[in-house]
Amino acid sequence: MKRSVLCALGMTALFTSLGQAAPSSWGIDSAHSRLTFGVKHMTVSTVRGAFGKFSGTVEVSNDDPTTASIQVTVDVASVDTLEPKRDEHLRSADFFDVANYPTMTFRSKKVERSGSELRITGDLTLRGVTREVVLTVDELTAPITDPWGNTRVGAHATAKIDRKEFGITWSKVMDNGGLVVGNEVSVAIDVELVKQKPAAAAPTR
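As structure tokens, this is what we get:
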């Protein structure tokens, strides 16, 4: 409930900031953002991990924030579950196959308001396979100005994906019928965006 209220207030303020006549561009501050995931292990626990290297932009072309264009690129080899052997397995052909598919990308197709939330529909490409996914933004902060004059906003988004749809099928079946590695992956994104300053005009001659 608290996140929904924050998102509603944040959307009002953010739309005011984003919805200017002039186009605006926002970049992900990866040092203050986090891309995490969770997968069931043997049906009794959840293994969580994160990607340490990613970048992205949000472009707003006119006064309607729902026309925002979002692009994100993730260095899949930066996966980290705090267990080196497991991370190496995740980088192998059984899972992400980083030797052949070093990056994962997301490209938004539409952004919709849904009550106090935002729904971002886009194409996720992983291991050379592209599938449509929906991100739900349930927390959005009002823009602030940092001590160095930069405009910043924060957001929290979630999604669920089926790893089998991307050709990631490795697992083992247990005696009780459960899987060693679950198929549903829960994704959580905490992102901080920085408004990009316009390039300085070239000097006239």
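Note that the numbering used here gives residue 149 to position 103 of the sequence shown, counting from 1, and the numbers run on in steps of one. Idealized CB from N, CA, C, for every residue including glycine. Every value quoted in this text rests on a predicted model; they were computed, and no experiment measured them.
According to the DSSP assignment, residue 136 belongs to the alpha helix (DSSP H) that extends over 130 to 137. Assignment of beta strand (DSSP E) within the region 167 to 224, counting only whole runs of 3 or more residues, yields 175 to 186 and 197 to 208 in chain order.
According to DSSP, residue 227 shares a beta bridge with 87.
Here DSSP, grouped into helix, strand and coil, assigns residue 113 to helix. The DSSP-derived three-state label of residue 122 is helix. Residue pairing by DSSP places residue 101 opposite 119 in a beta bridge. Residue 234 carries a strand assignment under DSSP once its states are collapsed to helix, strand and coil. Residue 230 and residue 178 have their C-alpha atoms spaced approximately 15 Å apart. Of the residues 169, 127 and 244, the one whose Cα lies closest to the Cα of residue 116 is 169. Within the same chain, and ignoring the five residues on either side of residue 89 in sequence, the residues whose Cβ sits closer than 6 Å to its Cβ are 224.
Counting C-beta atoms within 10 angstroms of its own C-beta, residue 174 has fewer than 16 neighbours from the protein chains shown and is therefore classed as exposed.
Taking all protein chains in view, the Cβ of residue 190 is surrounded by fewer than 16 other Cβ atoms within 10 Å, so the residue is classified as exposed.
Per the DSSP secondary-structure output, residue 127 pairs with nothing in a beta bridge. Per the DSSP secondary-structure output, residue 156 pairs in a beta bridge with 167.
Burial is judged here by how many other beta carbons sit within 10 angstroms of a residue's own beta carbon; residue 185 has at least 16 and is buried. In the DSSP annotation of this structure, the continuous segment of the beta strand (DSSP E) that includes residue 70 starts and ends at 70 to 74.
Looking at 193, 154, 171 and 83, the one whose alpha-carbon comes closest to that of residue 235 is 83. Residue 232 and residue 217 have their alpha carbons spaced roughly 17 Å apart.
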